[in-house]
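Counting from 1 along the sequence shown, just add 655 to a position and that's the residue number in my numbering.
Built from N, CA and C at the ideal position, the CB exists for glycine as well.
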Amino acid sequence: MCGIIGYTGNKEAKDILLQALTLLEYRGYDSAGIAVSDEESKKTQIIKCAGRVHDLEEKCKEESNHSVCGIGHTRWATHGRGNDPNAHPHPGGSVTLVHNGIIENFKELIQEFHLKGSLKSETDSEVAAAIINTLYQENGKDIKKAINEAISKLKGTFALVILVEEEPDTIYSVRNVSPIVATLCDEGAMLASDVTALCQFTNRYFVVPEYHILELHPDCLHLWNLFGVEKEPEYLVADWELNSAEKNGYPFYMEKEIMEQPKAIEATIAPRIKRGLPDFSVDKVPDSVFTKCDRICVVACGTAMHAGLVFQSLVKSVLHMHIDVELASEFMYSDPVIDKKTLLIAVSQSGETIDTLEAVKYARKQGAKSLAIINVKGSSIARESDYVLYTNAGPEIAVASTKAYTTQLAMFYLILARMAYLKKIYKPKETKAFISELSKVPEAMEAVLKKRHEIHVAAREVLEAKDLFMIGRGLDHSLLLEGSLKLKEVSYIHSEAYASGELKHGPIALITDRTPVVAVATQEKILHKEISNIREVRSRGAKVLIFVKEQFAKDLEKEFSVIKLPNARDEMMVFSASVALQLFAYYVSSDKGFDVDKPRNLAKVVTVE
Ligand code: F6R
């Protein structure tokens, strides 16, 4: 969703802002804009338009003025369409601002501040600009006082980044829930909605605490609490290389990120294996977190929720423990049963998904312990949770999640092994055997990546499909839910994943001549049943492609199109099958000529409910 950048320093601001907005494109948006301060005239110039950052770049070429301070924004429409007037930044007298989040009481504020008739856009954000300006003028041009007063009136979530004409080299910011990170580096002081925009300059940054005012100058920054007391920023270091948000020769980030998975899994598991056993001491997660709960509740959205479903299958079969996996967007409204004996596991790549964040806050109120599996360091869910396990996948830029998902899975496998070990369900030797198999996952993934041309050829068979079905049982079904989501979001083919045994209870009515069906068959104990279900759809005309564990392929390849996945212990097959399905979705999308990394209507970071 909306992206924010702010820069003041010694370089041309427009260039830095546009470059950063390009890096933030992945969040999803429908208009973009910048505002730059002019030291001499003390005027703020706003350039904005509906469309892509590229369109904004073209518009900026028409403006030749020079500036070293400015703010920028990519907008994902919530209040009002994605058109030019609604694009940020928004002016309000001397004040110009960009905003992420939703100001819920903006209509009441229009009344209170008599703004009716004076607003140029349909946005709640322009209301915030107008209010801050009014209070700025009323408070003898004391911007911090004005911001302080304004935020006491705002209901909802916001990250506001503000320029005032009288202080052309300074940027102010304040936030509630919606994130802002900031840094000071050789080029100047910067802030952004996420660290991806900063990581071309530095990997040191801090998260601006809620309800604190940040003040950026070219060579210093100050952080104030609302009582005017200066606070020391708590810097974090991202373990991402400075070029890790670049495409490195790949046509799309999605392909690059699929290819990075063996390394990403290694980075997730290696620090958490000690003497062959899973170990979370590096994360300071005590064993009591796992031993003192009698129930687990996983909350997450989309792909992250699908990782939870794989974990659920394993927890049931290995730990025989009660586990629920909840869609975070439904969780809060479903009267969830959470108590002190529940371990709430929140899963999120971005760490900013608002529904998941709210679920963690709710769990805390109920006295439950929360453990977050997160990719982005210092993100809101990470800070809100009692314990955090970082997946170390590096920045994930493509909207369609790939390496975040498989590293979330890897983390769940480590948790499962630790719990089985602590509960003495696995003996040390069995735990080590499980971990040793997990350590072979990167190699198995490499083997699938080497087969990508074979998968590409198979993908060409479904380019014209309107509907496609994915079928499998047990763990295969859980991973197919994710495979199906991947295909639908990047290729726009209507795809559904079904538990194979469920077909006869309705969905098989949709199978007609040449309907594409993708099956996954990697689980020995249900293999024969799965093969029967595959034959049932084939008998009704379906065109079937099977991703199958190599050792089961012998008979199937005589009858069906198959792609063989390297042999591994059944539980571990999820990883190589997931990579194969990601590649399948990727090739369908790229062959159809779509912008794989930016599927329509989608946003990478979902900060509204
Ligand atoms: C799909 C996808 C989404 C996210 C979901 C949650 O490819 O990426 O379904 O998984 O929006 O996002 P995070 O993990 O950031 O909470």
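Closest by CA to residue i, which one among the options?
{"i": "LYS971", "options": "CYS875, ALA1053, ASN858, LEU1071", "result": "LEU1071"}
{"i": "SER722", "options": "LYS1259, GLY664, LEU1158", "result": "GLY664"}
{"i": "ASP934", "options": "ALA1027, GLY957, MET1074", "result": "MET1074"}
{"i": "LEU809", "options": "PRO906, THR825, LEU764, VAL819", "result": "LEU764"}
{"i": "GLU1144", "options": "SER1091, SER989, PHE1239, ALA1174", "result": "PHE1239"}
{"i": "LYS1079", "options": "GLY748, VAL1251, LEU974", "result": "LEU974"}
{"i": "ALA690", "options": "GLN674, HIS745, HIS734", "result": "HIS745"}
{"i": "SER780", "options": "LYS947, LEU815, LEU982, LYS796", "result": "LEU815"}
{"i": "ILE1186", "options": "ALA1208, PRO1171, ARG1019", "result": "ALA1208"}
{"i": "ARG927", "options": "PHE1124, VAL1103, GLN700, THR1046", "result": "THR1046"}
{"i": "LYS1180", "options": "ILE1009, LYS1219, LYS1016, GLU1226", "result": "GLU1226"}
{"i": "GLN674", "options": "GLU695, PHE761, PHE856", "result": "PHE856"}
{"i": "PHE1067", "options": "ILE1218, THR923, HIS754", "result": "THR923"}
{"i": "ALA844", "options": "ASP824, ARG830, ALA1152", "result": "ASP824"}
{"i": "GLU635", "options": "THR778, ILE1166, ALA925, ALA732", "result": "The question about residue 635 has no answer here: the residues shown for the chain are numbered 656 through 1264."}
{"i": "GLU919", "options": "GLY1022, VAL1243, GLU1098, VAL1251", "result": "Reading off the sequence shown, one finds Ala at residue 919, where the question assumed Glu. When each option's Cα is compared against that of ALA919, the closest is GLU1098."}
{"i": "THR851", "options": "GLU885, LEU678, VAL750", "result": "LEU678"}
{"i": "TYR908", "options": "HIS769, LEU878, ASP990, GLY1049", "result": "GLY1049"}
{"i": "SER1245", "options": "TYR905, CYS724, VAL862", "result": "TYR905"}
{"i": "VAL1203", "options": "VAL1234, SER749, HIS754", "result": "VAL1234"}
{"i": "ALA955", "options": "ALA1059, HIS977, GLU889, LYS947", "result": "ALA1059"}
{"i": "GLU885", "options": "ASP894, PRO864, VAL892", "result": "PRO864"}
Would you say residue i lies against chain B (beta-carbon separation less than 7 Å)?
{"i": "GLY737", "result": "Although the question refers to chain B, the structure presented lacks it and comprises just one protein chain."}
Do residue j and residue i count as a contact pair if the criterion is CB distance below 7 Å?
{"i": "GLY737", "j": "ASP685", "result": "yes"}
{"i": "LEU1044", "j": "ASP938", "result": "yes"}
{"i": "MET656", "j": "ALA1258", "result": "yes"}
{"i": "VAL1175", "j": "LEU1135", "result": "yes"}
{"i": "VAL819", "j": "ILE798", "result": "yes"}
{"i": "SER968", "j": "SER1133", "result": "yes"}
{"i": "HIS980", "j": "VAL953", "result": "The sequence shown places Val at residue 980, not His. Yes, the Cβ-Cβ distance between VAL980 and VAL953 is below 7 Å."}
{"i": "VAL1260", "j": "VAL965", "result": "no"}
{"i": "LEU846", "j": "GLY963", "result": "no"}
{"i": "GLU1007", "j": "THR1262", "result": "yes"}
{"i": "MET1100", "j": "GLN1237", "result": "no"}
{"i": "LEU1123", "j": "ILE1148", "result": "yes"}
{"i": "GLU1109", "j": "ILE951", "result": "no"}
{"i": "TYR860", "j": "VAL836", "result": "yes"}
{"i": "ALA1114", "j": "TYR1017", "result": "no"}
{"i": "GLU912", "j": "THR1057", "result": "yes"}
{"i": "ALA1120", "j": "PRO1171", "result": "yes"}
{"i": "LEU869", "j": "LEU878", "result": "yes"}
{"i": "ILE1033", "j": "VAL862", "result": "Per the sequence shown, residue 1033 should be read as Gly rather than Ile. Yes; because the gap between Cβ atoms is below 7 Å, this pair is in contact."}
{"i": "LYS995", "j": "ASP949", "result": "no"}
{"i": "SER610", "j": "SER1146", "result": "Because the chain spans 656 through 1264 in this model, residue 610 falls outside it and cannot be assessed."}
{"i": "GLU777", "j": "GLY735", "result": "yes"}
{"i": "VAL1173", "j": "LEU1200", "result": "yes"}
What residues in its chain sit with their C-beta under 7 Å from that of residue i, if we drop five residues either side in the sequence?
{"i": "ALA959", "result": "VAL1002, SER1003, GLN1004, GLN1063"}
{"i": "ALA801", "result": "ILE787, LEU790, TYR791, ASN794"}
{"i": "GLU680", "result": "VAL708, THR729, LYS1253"}
{"i": "LYS796", "result": "GLU821"}
Identify, in the order they occur along the chain, each residue of the same chain with its Cβ nearer than 8 Å to the Cβ of residue i, setting aside the five sequence neighbours on each side.
{"i": "ALA687", "result": "LEU676, LYS703, CYS704, GLY706, ARG707, VAL708, ASP710, LEU711, GLY727, HIS728, THR729, ARG730, ALA742"}
{"i": "ARG1169", "result": "GLY1196, ALA1197, LYS1198"}
{"i": "GLY1156", "result": "ARG1128, LYS1184, ASN1188"}
{"i": "LEU1182", "result": "ALA1176, PHE1207"}
{"i": "ALA1154", "result": "ILE1126, GLY1127, ARG1128, HIS1132"}
{"i": "ALA805", "result": "ALA783, ILE786, ILE787, LEU790"}
{"i": "GLU1264", "result": "SER984, ILE1009, ASP1010, GLU1013"}
{"i": "GLU921", "result": "PRO1097"}
In chain order, what residues of the same chain lie with their CB nearer than 6 Å to the CB of residue i, ignoring the 5 residues before and after it?
{"i": "VAL940", "result": "TYR1042"}
{"i": "ALA1027", "result": "ALA1001, ILE1036, ALA1037, SER1040, VAL1043"}
{"i": "LEU999", "result": "CYS952, ALA1018, ALA1023, SER1025"}
{"i": "LYS1213", "result": "none"}
{"i": "THR946", "result": "LEU1077"}
Using the beta-carbon count (16 or more within 10 Å), is residue i buried or exposed?
{"i": "GLY637", "result": "It is not possible to answer for residue 637, since the shown part of the chain is limited to 656 through 1264."}
{"i": "TYR1268", "result": "The structure shown does not extend to residue 1268, since the chain is modelled only from 656 to 1264, so the question has no answer here."}
{"i": "VAL944", "result": "buried"}
{"i": "GLU1051", "result": "buried"}
{"i": "ASP849", "result": "buried"}
{"i": "LEU1118", "result": "exposed"}
{"i": "GLY772", "result": "exposed"}
{"i": "GLU822", "result": "buried"}
{"i": "ARG642", "result": "Nothing can be reported for residue 642: it is not among the residues displayed for the chain, which extend from 656 to 1264."}
{"i": "TYR1178", "result": "A small correction: the amino acid at residue 1178 is Gln; Tyr does not occupy that position in the sequence shown. The residue is buried, with at least 16 neighbouring Cβ atoms inside 10 Å."}
{"i": "GLU910", "result": "buried"}
{"i": "PHE1089", "result": "buried"}
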